[in-house]
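In mature numbering (1 follows the signal peptide of the UniProt record, and there is no 0), the protein residues as written are -29 to -1, 1 to 361.
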């Protein structure tokens, strides 16, 4: 049967209407356009490499170490024991751009070792140039051309003082220094006859030309004349100060020795019975030693006494200045004898102090340090030496 065209049109409308979604129908799931990305794993951190610490060795050579044991130090802590001449090297190195300072910690018995080229900064390579030279005698301030020297004193820290004989030039040499420094220039000193230190390392100078005693405070560069009111000196050539601060002055032309108690400007006559007392030294017990620079010998005035007695074995020796160590051993400079003498505490004779290859020439000044090493100054040019404890 043939359906009318309008009927077919209605059927099509109804069919299309059925395709319209009701608002209550669930929405169709949207098709996924792409797969979800996989999660990225947390990367394992790269470990920080351990910094490479660059170190450089410090060393050099030792010569003249014929006996004994030498202890060297680097930067005050790194110790190295050396028992023979040859190359040496510290066990601990120095870091890049670090510094080093090689010093002697312990001297070998009977020898004195000195270090040259022992310090530096900004290290960028191994150091092999430190030189340590050992010997029985060591020249003090070898880079200074000294004139005739008349006296010497050594402070508790090893600083050495000396002066041109009967002149105004006073020198100070710090421990290990190659060059001496002139101090107290322009202070008014005209004639350094002798010098000595007190327990606080203040330096005293007997000026026989100006007839005064000068004092240079420890570490100072200027000198001050002591305001002593009595007596009036004629030619003060010797001065010494004991542990209590009592000062003794020898006025050679009046044959007198005066005593000034600590803080006093007035002296009292101690003794005037010796012929031309010239130079003085005092020991730890307050005993005073007097020398004349002649063959008359050396005299001892016990602490608290005004009586002088001849030191056994000193008669006939051309003794100039003297010094006493902590053990009571007496040392003397033999001027025209060209020798240095040691009088052992309690002994009855003098022994000549060995000076190695050094020939002593017209020795005037002598001193001794806490270790027993002896220092001497002589009128022969450039004769300022340290000698290993005899």
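Just so you know, even glycine gets a beta-carbon here, dropped at the ideal spot from N, CA and C. As the structure is a computational prediction, the values presented were derived from the model and not from experiment.
Beta-carbon proximity of residue 293 to residue 303, cut-off 7 Å: As a first step, residue 293 is located in the chain shown; it is residue number 322 there, counting from the start. As a first step, residue 303 is located in the chain shown; it is residue number 332 there, counting from the start. Yes; because the gap between Cβ atoms is below 7 Å, this pair is in contact.
7 Å Cβ shell around residue 362 - same chain, five flanking residues per side excluded: Here the chain covers residues -29 to 361 and nothing more, so residue 362 does not appear.
Three-state secondary structure (DSSP) of residue 223: Here residue 223 corresponds to residue number 252 of the chain shown, with the count starting at 1. Residue state, collapsed to three classes: helix.
Separation of residue 210 from residue 297, as counted between CA atoms: Reading the chain shown from its first residue, position 326 is the one you call residue 297. Reading the chain shown from its first residue, position 239 is the one you call residue 210. When rounded, the distance between both Cα atoms is 19 Å.
First and last residue of the uninterrupted beta strand (DSSP E) at residue 324: By 1-based counting over the chain shown, the position of residue 324 is 353. No beta strand (DSSP E) holds residue 324; DSSP gives it neither H nor E.
Nearest to residue 71 (by Cα), restricted to the options 347, 309, 91: Locating residue 71 in the chain shown gives position 100, counting from the first residue. The residue with the shortest Cα to Cα distance from residue 71 is 91.
6 Å Cβ shell around residue 61 - same chain, five flanking residues per side excluded: By 1-based counting over the chain shown, the position of residue 61 is 90. So the list reads 29, 45, 49, 51, once near-sequence residues are dropped.
When 277, 259, 337 are compared against residue 240, the one with the closest alpha-carbon: Working through the chain shown from its first residue, we reach residue 240 at position 269. It is 277.
Any 3 or more C-beta pairs closer than 8 Å across the region 92 to 108 and the region 126 to 136: no
Any 3 or more C-beta pairs closer than 8 Å across the region 304 to 311 and the region 333 to 345: yes
Alpha carbon of residue 275 to alpha carbon of residue 258, nearest angstrom: Locating residue 275 in the chain shown gives position 304, counting from the first residue. Locating residue 258 in the chain shown gives position 287, counting from the first residue. So the two alpha carbons sit approximately 8 Å from each other.
Residue 231 versus residue 251: straight-line alpha-carbon distance, rounded: The residue you call residue 231 lines up with position 260 of the chain shown. The residue you call residue 251 lines up with position 280 of the chain shown. Roughly 14 Å between the two C-alpha positions.
Which listed residue (98, 119, 114, 39) has its alpha carbon closest to that of residue 82: Along the chain shown, read from residue 1 onward, the residue named residue 82 stands at position 111. Of 98, 119, 114, 39, the residue nearest in Cα terms is 39.
Nearest-angstrom Cα separation, counted from residue 206 out to residue 347: For the purposes of this step, residue 347 is identified with residue 376 of the chain shown, where counting begins at 1. For the purposes of this step, residue 206 is identified with residue 235 of the chain shown, where counting begins at 1. Going from the Cα of residue 347 to the Cα of residue 206 covers about 24 Å.
Inter-residue spacing [alpha-carbon to alpha-carbon] between residue 327 and residue 361: In the chain shown, the residue the question calls residue 327 occupies position 356. In the chain shown, the residue the question calls residue 361 occupies position 390. So the two alpha carbons sit approximately 12 Å from each other.
DSSP-derived helix/strand/coil call for residue 231: For the purposes of this step, residue 231 is taken as the residue at position 260 of the chain shown. DSSP places residue 231 in strand when its eight states are reduced to three.
Span of the beta strand (DSSP E) around residue 75: If you number the chain shown from 1, residue 75 lands on position 104. Taken as a continuous stretch (DSSP letters only), the beta strand (DSSP E) holding residue 75 covers 71 to 77.
Collapsed DSSP secondary structure at residue 173 in the structure displayed: Taking the chain shown and counting its residues from 1, the one referred to as residue 173 is at position 202. Residue state, collapsed to three classes: coil.
Cβ distance (whole Å) where residue 198 is taken to contact residue 162 below 8 Å: Against the chain shown, residue 198 aligns to sequence position 227. Against the chain shown, residue 162 aligns to sequence position 191. With a Cβ gap of about 19 Å, residue 198 and residue 162 do not count as contacting.
Coarse secondary structure for residue 277, derived from DSSP in three states: Position 306 of the chain shown, counted from the first residue, corresponds to residue 277. Coil, per DSSP.
CB of residue 134 within 7 Å of CB of residue 144, strictly: As a position in the chain shown, residue 134 is number 163, starting the count at 1. As a position in the chain shown, residue 144 is number 173, starting the count at 1. No, these two residues do not count as a Cβ contact at 7 Å.
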